[in-house]
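Protein chains in written order, with this note's numbering: chain X, 206 to 550; chain C, 206 to 550. We put the beta carbon where it would ideally sit given N, CA and C, even for glycine. Below is one structure, written out as structure tokens; the observations come after it.
Protein chains: 2
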Amino acid sequence: MDFKFSPLAYVPFVSVENMIKLVNSIGVEVFMSELADAIEADFKRWELFDKTPRVASHSDVGVIELMPTSDGDMYGFKYVNGHPKNTKEGLQTVTAFGLLAEVDSGYPKLLTEMTLLTALRTAAMSALVGRHLAPKGSKTMAMIGNGAQSEFQCLAFKAVCGIETVRLYDIDPAATAKCAENLEKAGVNVVSCKTAEEAIEGAQIITTCTADKQYATILTDNMVGDGVHINAIGGDCPGKTEVAEAVLRRSEIFVEYPPQTRVEGDIQQLPEDYPVTELWRVMRGEAEGRTHARQITFFDSVGFAVEDFSALKYVRAKIEGTDFFEHLDMLADPKDPRNLYGMLS
Amino acid sequence: MDFKFSPLAYVPFVSVENMIKLVNSIGVEVFMSELADAIEADFKRWELFDKTPRVASHSDVGVIELMPTSDGDMYGFKYVNGHPKNTKEGLQTVTAFGLLAEVDSGYPKLLTEMTLLTALRTAAMSALVGRHLAPKGSKTMAMIGNGAQSEFQCLAFKAVCGIETVRLYDIDPAATAKCAENLEKAGVNVVSCKTAEEAIEGAQIITTCTADKQYATILTDNMVGDGVHINAIGGDCPGKTEVAEAVLRRSEIFVEYPPQTRVEGDIQQLPEDYPVTELWRVMRGEAEGRTHARQITFFDSVGFAVEDFSALKYVRAKIEGTDFFEHLDMLADPKDPRNLYGMLS
Chain X
206 MDFKFSPLAY VPFVSVENMI KLVNSIGVEV FMSELADAIE ADFKRWELFD
256 KTPRVASHSD VGVIELMPTS DGDMYGFKYV NGHPKNTKEG LQTVTAFGLL
306 AEVDSGYPKL LTEMTLLTAL RTAAMSALVG RHLAPKGSKT MAMIGNGAQS
356 EFQCLAFKAV CGIETVRLYD IDPAATAKCA ENLEKAGVNV VSCKTAEEAI
406 EGAQIITTCT ADKQYATILT DNMVGDGVHI NAIGGDCPGK TEVAEAVLRR
456 SEIFVEYPPQ TRVEGDIQQL PEDYPVTELW RVMRGEAEGR THARQITFFD
506 SVGFAVEDFS ALKYVRAKIE GTDFFEHLDM LADPKDPRNL YGMLS
Chain C
206 MDFKFSPLAY VPFVSVENMI KLVNSIGVEV FMSELADAIE ADFKRWELFD
256 KTPRVASHSD VGVIELMPTS DGDMYGFKYV NGHPKNTKEG LQTVTAFGLL
306 AEVDSGYPKL LTEMTLLTAL RTAAMSALVG RHLAPKGSKT MAMIGNGAQS
356 EFQCLAFKAV CGIETVRLYD IDPAATAKCA ENLEKAGVNV VSCKTAEEAI
406 EGAQIITTCT ADKQYATILT DNMVGDGVHI NAIGGDCPGK TEVAEAVLRR
456 SEIFVEYPPQ TRVEGDIQQL PEDYPVTELW RVMRGEAEGR THARQITFFD
506 SVGFAVEDFS ALKYVRAKIE GTDFFEHLDM LADPKDPRNL YGMLS
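What follows is the structure, encoded as structure tokens:
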């Protein structure tokens with residue numbers, strides 16, 4: 206690399222292409238397994254994080270959000286949009302990128318695509334929670350909703366929790382076929398199912414990851430038996446829920462960050478003071494996880510800035526010594542800081 | 206450009222090197238003059254903007270801020286840090302970059318360096334305000350503080366307000382010498398002065414742009430005669446002011462956005478309800494600017510997100526059809542949005 210100005214002014218940038226290369230060089234399962242450990246390590250340092258609420262800019266058709274956080278050493282934020290109508294126009298519903306900076310200098314240290322990385326961290330977080338809460342010896346997972354997140358979820362649970370068989374269901378059989386094909390190539394036993402009820406049969410873990418608001422009750426009360434772990438991904442914004450209130454009331458509920466989950470998660474159906482357990486306390490051993498075999502544990506996943514922060518730090522560590530990044534000439538760095546104008550001549 | 210994925214997924218990126226080329230191709234004075242007009246056009250649409258407060262993450266040694274805004278059509282934000290101790294370590298005090306996105310799709314449409322661009326927009330805003338408030342026929346400006354912003358200020362006032370002579374002063378003669386050399390090359394009459402009092406002699410416009418907290422009273426009451434326009438740039442964060450309270454009280458005060466200026470500007474010295482005039486109202490003709498020749502007009506400049514937004518839009522328009530940008534592979538764009546995992550194989 207030929208540095209025209211100071212090397213200090215260059216920001217490592219991981220493009221989509223390089224993220225794909227990085228993930229493939231590590232292996233997607235190892236990547237998510239290591240990332241799960243990185244998230245757990247950060248959740249155990251929970252009180253160090255500056256837990257700012259997301260900054261959202263809403264319009265009639267979507268939302269653009271900035272999600273910043275800091276542990277006092279590094280600062281990170283993610284830009285992410287959500288525009289459900291985009292797919293009809295040949296665009297992605299969600300695009301994301303993120304930045305990691307050094308608190309001590311304020312200098313950016315990593316810029317990276319985060320659409321793929323968010324999918325990886327979401328699945329890593331789910332599997333990490335599964336490791337703490339799912340019944341011991343779980344081998345089968347129901348995967349309801351076979352969209353963009355589904356393969357990542359199945360492979361993360363395989364890598365982190367030892368899941369061997371996934372039972373797939375989606376209202377669109379083409380989505381199930383796509384997911385099944387991808388997973389079979391990855392060495393997972395796949396059972397494609399015709400109903401959600403069929404998918405749940407014999408599963409110790411039930412993952413719901415559906416997107417549409419109109420299918421708001423993916424899991425009804427009579428579908429869910431005792432002793433399972435529910436990993437509910439799709440209920441993640443106001444007005445969007447997946448699971449019947451009765452299921453929630455039979456479960457022990459675990460969340461990332463209550464002020465956010467009570468607004469965005471499935472528990473928006475419950476009273477504001479309904480008891481929930483914060484996952485960082487379980488990971489630190491300060492709160493109980495699963496206490497008996499017949500208990501239903503429920504992870505009301507919405508995605509939290511600390512998980513993105515862990516993912517940014519993980520990627521930054523992993524690209525070191527590789528070719529999987531470029532140097533981005535993003536920061537003006539005149540030799541004499543007072544002579545910024547001199548850069549123009 | 207060879208697009209590996211969809212061209213929709215590529216984000217135009219203006220590096221520092223390309224920003225320099227762009228500014229030089231347009232000419233720095235024309236650039237700031239056109240940018241002043243762009244800012245004025247946006248200030249006239251004031252009520253359309255989503256005026257979110259900045260999101261600041263403070264540490265013992267500095268601050269990292271995100272400054273978002275939107276006009277309902279486009280969304281922009283700037284990342285900017287402020288670390289005064291950085292210069293001692295060979296780093297910049299301030300680094301900045303910005304992003305412009307489409308509200309309708311949430312897709313980023315421009316990523317750009319903003320250290321140079323912020324210097325240009327700050328000076329363009331000052332000169333724009335000067336055009337509205339400075340005495341008619343002003344030909345001489347005092348420039349107190351000859352740091353990184355000083356040349357931009359002088360050249361913007363030359364281009365926008367017809368200033369012919371600048372009178373420079375800085376506590377560090379080396380800064381004055383640097384500024385004088387740059388400006389003489391740019392065709393400005395320069396008078397280097399030994400004191401602030403000397404710099405002010407015969408000036409119709411007084412610009413203060415100093416950085417250090419310990420020199421908190423750059424302009425004392427007895428230094429400032431009637432009938433001038435004061436352009437105060439340096440008082441721009443809590444605890445940092447440049448001008449004696451008595452000068453403020455003799456002046457008509459104009460600000461960008463009162464809720465921000467009352468915390469960050471020189472008027473933090475005044476009571477919270479002290480009357481100030483919003484510049485967008487002056488630009489729209491809804492409030493009076495300068496009403497008589499002996500009046501002191503005072504622009505308490507702190508920098509506002511709408512100015513960055515105008516600058517991002519201006520740059521986006523100007524790079525069209527040029528080579529002054531790269532295509533950044535920042536957004537994952539699988540052919541089938543539900544097959545994000547398929548991008549890995």
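Item, Value
"Which residues DSSP lists as bridging Asp505 (chain X), in chain order", "X:Ala437"
"For Met272 (chain X), the three-state DSSP class (helix, strand or coil)", "strand"
"Neighbouring residues, chain X, relative to Pro443 (chain C) (Cβ below 8 Å)", "What Pro443 (chain C) touches in chain X: nothing, since even the nearest Cβ is about 18 Å away."
"Bridge partners - Ile349 (chain C), DSSP secondary structure assignment", "C:Tyr374 and C:Thr413"
"Touching by the beta-carbon criterion (3+ pairs, under 8 Å), the stretch 267-277 of chain X and the stretch 237-257 of chain C", "no"
"Test item: CB-CB of Ala408 (chain X) and Pro289 (chain X) under 9 Å", "no"
"Buried or exposed (CB count within 10 angstroms, at least 16 for buried), His434 (chain X)", "buried"
"Contacting positions in the stretch 324-343 of chain C - beta carbon closer than 7 Å to chain X", "Ala324"
"Same chain only: Cβ atoms within 7 Å of Glu477 (chain C), ignoring 5 sequence neighbours per side", "Arg467"
"Leu424 (chain C) versus Leu316 (chain C): straight-line alpha-carbon distance, rounded", "39 Å"
"Short CB-CB distance (under 9 Å) between Asp207 (chain C) and chain X", "Residue placement at Asp207 (chain C) is poorly supported in this model, since its pLDDT is 45, which falls under 50; the coordinates are not used for a value here."
"Rounded Cβ spacing between Ser262 (chain X) and Tyr280 (chain C) (contact assumed at less than 8 Å)", "6 Å"
"Range covered by the beta strand (DSSP E) that runs through Val216 (chain C)", "Tyr215 to Val219"
"Chain C contact residues for Ser310 (chain X), given Cβ-Cβ distances below 7 Å", "His288, Asn291 and Leu296"
"Candidates X:Ile411, X:Lys226, X:Glu234 and X:Val221: closest to Val393 (chain X) by CA position", "X:Glu234"
"With 16 other Cβ atoms within 10 Å as the buried cut-off, status of Phe208 (chain C)", "Per-residue confidence for Phe208 (chain C) stands at a pLDDT of 47, beneath the threshold of 50, marking its modelled position as unreliable; the derived number appears in the next sentence. Exposed, because fewer than 16 other Cβ atoms sit within 10 Å of the Cβ of Phe208 (chain C)."
"Own chain, CB closer than 6 Å to Thr482 (chain C), minus 5 neighbours either side, in chain order", "Phe459 and Ala492"
"Proximity below 9 Å, CB of Tyr312 (chain X) to CB of Leu296 (chain C)", "yes"
"Distance between Gly367 (chain C) and Tyr345 (chain C) (C-alpha atoms, nearest Å)", "Just to set this straight, residue 345 (chain C) is Thr in the shown sequence, not Tyr. Their backbone Cα atoms lie some 9 Å apart in a straight line."
"Glu457 (chain C) to Arg489 (chain C) span [Cα, whole Å]", "18 Å"
"9 Å Cβ cutoff, Ile244 (chain X) in contact with chain C", "no"
"The stretch 317-329 of chain C contacting the stretch 375-389 of chain C, beta-carbon criterion three pairs below 8 Å", "no"
"Local conformation of Glu318 (chain X) per DSSP, three classes", "strand"
"Cβ of Tyr280 (chain X) within 9 Å of any chain C Cβ", "yes"
"Residue from X:Asp431, X:Cys384, X:Lys226 and X:Asp247 with nearest C-alpha to Ser515 (chain X)", "X:Asp247"
"Contacts that Ser230 (chain X) makes with chain C (C-beta to C-beta distance below 8 Å)", "Here the premise fails: no neighbours, minimum Cβ distance about 11 Å."
"Short CB-CB distance (under 9 Å) between Thr257 (chain C) and chain X", "yes"
"Test: Ser264 (chain C) CB closer than 9 Å to a CB of chain X", "yes"
"Status (buried if at least 16 other CB within 10 Å, exposed otherwise) for Ser550 (chain C)", "exposed"
"Residue interval of the alpha helix (DSSP H) (run including Val627 (chain C))", "The requested residue 627 (chain C) does not occur in the structure, where chain C is confined to residues 206 to 550."
"Own chain, CB closer than 6 Å to Ala347 (chain C), minus 5 neighbours either side, in chain order", "Arg372, Ala404, Ile405, Ala408 and Ile411"
"Beta-carbon spacing of Phe504 (chain X), Gly335 (chain X) below 9 Å", "yes"
"Among X:Met319, X:Lys314, X:Gln500 and X:Thr292, nearest to Ala301 (chain X) - alpha-carbon criterion", "X:Met319"
"Chain X within 9 Å of Arg543 (chain C), Cβ atoms only", "yes"
"Within chain X, the residues that Ile376 (chain C) reaches when beta carbons sit closer than 7 Å", "What Ile376 (chain C) touches in chain X: nothing, since even the nearest Cβ is about 12 Å away."
"Endpoints, the beta strand (DSSP E) within which Asp534 (chain C) is located", "Glu531 to Asp534"
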